[in-house]
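2 protein chains.
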Amino acid sequence: MTTADSHNGRRLTARGAKTRARIVAAATDLMYIKGVGATTLDEVLAASGVSKSQLYHHFDGKDALVRAVIDHVGERVIEREREALGHVSTIRGLRRWRDALVQNNALRHGAYGCALGSLATEVSDHDALARQALSQLFTEWQGLLAGVLRRLQDSGALPPEASTDQLATGLMAALQGGYMLAQTARDVTPMATSIDMALAHIESLSER
Amino acid sequence: MTTADSHNGRRLTARGAKTRARIVAAATDLMYIKGVGATTLDEVLAASGVSKSQLYHHFDGKDALVRAVIDHVGERVIEREREALGHVSTIRGLRRWRDALVQNNALRHGAYGCALGSLATEVSDHDALARQALSQLFTEWQGLLAGVLRRLQDSGALPPEASTDQLATGLMAALQGGYMLAQTARDVTPMATSIDMALAHIESLSER
DNA sequence: TCTGAAGTGGACTAAATAGTCCCATAACAT
DNA sequence: ATGTTATGGGACTATTTAGTCCACTTCAGA
Numbered sequence: 001m002t003t004a005d006s007h008n009g010r011r012l013t014a015r016g017a018k019t020r021a022r023i024v025a026a027a028t029d030l031m032y033i034k035g036v037g038a039t040t041l042d043e044v045l046a047a048s049g050v051s052k053s054q055l056y057h058h059f060d061g062k063d064a065l066v067r068a069v070i071d072h073v074g075e076r077v078i079e080r081e082r083e084a085l086g087h088v089s090t091i092r093g094l095r096r097w098r099d100a101l102v103q104n105n106a107l108r109h110g111a112y113g114c115a116l117g118s119l120a121t122e123v124s125d126h127d128a129l130a131r132q133a134l135s136q137l138f139t140e141w142q143g144l145l146a147g148v149l150r151r152l153q154d155s156g157a158l159p160p161e162a163s164t165d166q167l168a169t170g171l172m173a174a175l176q177g178g179y180m181l182a183q184t185a186r187d188v189t190p191m192a193t194s195i196d197m198a199l200a201h202i203e204s205l206s207e208r
Numbered sequence: 001m002t003t004a005d006s007h008n009g010r011r012l013t014a015r016g017a018k019t020r021a022r023i024v025a026a027a028t029d030l031m032y033i034k035g036v037g038a039t040t041l042d043e044v045l046a047a048s049g050v051s052k053s054q055l056y057h058h059f060d061g062k063d064a065l066v067r068a069v070i071d072h073v074g075e076r077v078i079e080r081e082r083e084a085l086g087h088v089s090t091i092r093g094l095r096r097w098r099d100a101l102v103q104n105n106a107l108r109h110g111a112y113g114c115a116l117g118s119l120a121t122e123v124s125d126h127d128a129l130a131r132q133a134l135s136q137l138f139t140e141w142q143g144l145l146a147g148v149l150r151r152l153q154d155s156g157a158l159p160p161e162a163s164t165d166q167l168a169t170g171l172m173a174a175l176q177g178g179y180m181l182a183q184t185a186r187d188v189t190p191m192a193t194s195i196d197m198a199l200a201h202i203e204s205l206s207e208r
């Protein structure tokens with residue numbers, strides 16, 4: 001939302017907003033499938049059925065478009081995860097969350113990886129603003145996981161001395177690393193295995 | 001080694017081998033820093049001080065060069081890890097291995113991530129051969145970790161019913177996910193945290 | 001309803017980029 | 001020695017790509 005409009009404070013009619021949204025949607029799909037670097041503006045134009053002047057009317061250039069894509073993907077992922085994790089308070093709930101992610105990724109045999117993670121690795125070293133936005137999104141996502149862990153703690157399913165933040169970091173790393181290994185192997189098994197190991201660790205903390 | 005020479009079976013003089021190596025070395029550095037997609041052949045030429053005909057003499061094109069880079073990076077990483085892990089047989093040894101990786105990554109504040117992992121995410125979905133090579137390299141790397149875990153098992157530091165292969169997968173995912181989070185945050189802390197969690201889990205298996 | 005700003009289309013440009021080609025020189029085998 | 005093959009330099013081309021420009025249309029408020 002912050003970097004949403006390139007020409008800050010400009011008026012934006014409903015028609016304009018629609019065009020802008022179509023551009024972002026097309027760019028999001030293309031960049032997920034082909035990668036950011038391999039996606040050209042002409043392809044985005046063709047896919048969204050919009051002319052070049054429109055693109056430069058709404059965005060300062062490719063970098064700005066990429067940032068808009070990051071915002072868009074980020075919103076979607078965070079909303080999805082908020083719905084999936086917002087009310088989870090048991091280990092079983094976490095396992096169901098794991099199942100959903102793994103099954104979803106299995107549909108593509110692991111290809112393309114995590115929508116947010118792929119953007120992050122490709123963009124982080126080239127665009128400081130984009131990197132910051134992505135970093136914040138990961139923090140938010142991790143916060144949702146930490147919330148689940150705190151609720152586990154409250155219900156006694158996790159000892160009070162466990163650091164929920166560190167466990168959330170470890171769980172997120174297992175998830176992202178799992179995505180990456182699955183993408184490279186074209187097989188979701190390593191992703192399932194790595195999340196399972198993280199969950200087993202969390203579970204084991206209350207059995208000692 | 002397999003995809004090493006583009007024009008298979010051609011003679012290769014010492015001079016030619018040197019030129020080829022210079023091209024690969026320059027391409028490796030550039031692609032690590034700038035990314036594969038953002039690295040142009042002209043840049044590789046300039047950095048290696050070689051003319052275009054040489055590049056096309058030794059490689060069929062950019063894809064072939066990328067595969068040579070993967071082979072080169074893979075060899076380096078595997079050799080490094082073989083030296084670091086080949087004789088490790090204690091949890092303490094694993095922790096020292098962790099320290100070395102974290103400290104090394106801290107020098108860049110996490111930037112660029114894992115040499116192999118970055119290549120994997122960027123190339124896996126576009127070049128099937130490259131993906132396979134990377135997948136094999138990850139398997140080899142994981143095998144080294146599994147070897148350590150088997151030695152732990154032999155010495156009684158890990159129960160015999162533990163699946164060393166699955167634990168190695170989880171450890172590798174924690175490492176790669178940690179690299180990614182560190183790269184996005186420009187801070188190695190999450191990498192350290194995630195590997196620590198994986199190691200803590202491994203350690204905890206013998207204390208129950 | 002009038003006016004200025006937002007929205008739109010698409011041709012155009014300049015630069016970059018992958019890949020080709022040709023000719024020259026060095027190395028090697030016999 | 002000599003023919004053959006590897007190595008080398010670098011100009012050249014066709015295409016792609018980001019980005020510009022301008023004429024035209026639609027919209028919203030005074």
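Chains as they are written, first to last, in this note's numbering: chain E, 1 to 208; chain Z, 1 to 208. Note that beta-carbon positions come from the ideal geometry of N, C-alpha and C, so glycine has one too.
- Rounded to whole angstroms, residue 137/Z and residue 107/E show a C-alpha spacing of 25 Å.
- Here residue 112/E has 32, 33, 118, 183 as same chain residues with Cβ atoms under 8 Å from its own Cβ, once five neighbours each way along the sequence are excluded.
- In the DSSP annotation of this structure, the continuous segment of the alpha helix (DSSP H) that includes residue 32/E starts and ends at 14–34.
- Listed along chain Z is no residue with a C-beta nearer than 7 Å to that of residue 58/E; the closest approach is about 24 Å.
- One finds nothing in chain E with a Cβ atom closer than 8 Å to the Cβ of residue 31/Z; even the nearest lies about 12 Å away.
- Classified as buried, residue 68/E has 16 or more neighbouring CB atoms from the shown chains inside 10 Å of its CB.
- At a cut-off of 7 Å between C-beta atoms, residue 106/Z does not count as an interface residue with respect to chain E.
- Listed along the chain, the chain Z residues whose CB falls inside 7 Å of the CB of residue 190/E are 169, 173.
- Residues of the same chain with a CB within less than 6 Å of the CB of residue 101/E, apart from the 5 flanking positions on each side, do not exist.
- For the pair residue 152/E and residue 86/E, the Cα-to-Cα distance works out to about 13 Å.
- Nearest CB-CB separation between residue 164/E and chain Z: not below the 7 Å threshold.
- With contacts defined by Cβ atoms closer than 7 Å, residue 48/E and residue 23/E form a contacting pair.
- Looking at 159/Z, 21/Z, 104/Z, the one whose alpha-carbon comes closest to that of residue 71/Z is 21/Z.
- The beta-carbon separation of residue 193/Z and residue 166/E, rounded to 5 Å, stays under the 8 Å limit for a contact.
- Comparing alpha-carbon positions, the option among 186/Z, 174/Z, 26/Z, 40/Z lying closest to residue 135/E turns out to be 186/Z.
- Spanning the alpha carbons of residue 126/Z and residue 141/Z requires a straight line of approximately 23 Å.
- Per DSSP, residue 72/Z is one residue of the alpha helix (DSSP H) stretching across 62–85.
- Using a Cβ distance threshold of 7 Å, residue 174/Z and residue 177/E count as a contacting pair.
- Going by C-alpha positions, residue 122/E is about 42 Å away from residue 155/Z.
- In this structure, residue 45/Z keeps its C-beta atom at 7 Å or more from the C-beta atom of residue 39/Z.
- Taking the CA atoms as reference points, residue 189/E sits about 28 Å from residue 37/Z.
- The beta carbon of residue 120/Z sits closer than 7 Å to some beta carbon of chain E.
- Assignment of residue 206/Z by DSSP, reduced to helix, strand and coil, places it in the coil class.
- No Cβ-Cβ contact shorter than 7 Å links residue 181/E with residue 198/E.
- The Cβ-Cβ distance between residue 195/Z and residue 98/Z falls below 7 Å.
- Burial check for residue 169/E: the Cβ neighbour count within 10 Å reaches 16 or more, so the residue is buried.
- Here residue 81/Z is not near residue 149/Z, since their CB atoms are 7 Å or more apart.
- Residue 138/E: member of the alpha helix (DSSP H) spanning 128–154, first to last residue.
- The C-beta of residue 38/E comes closer than 7 Å to at least one C-beta of chain Z.
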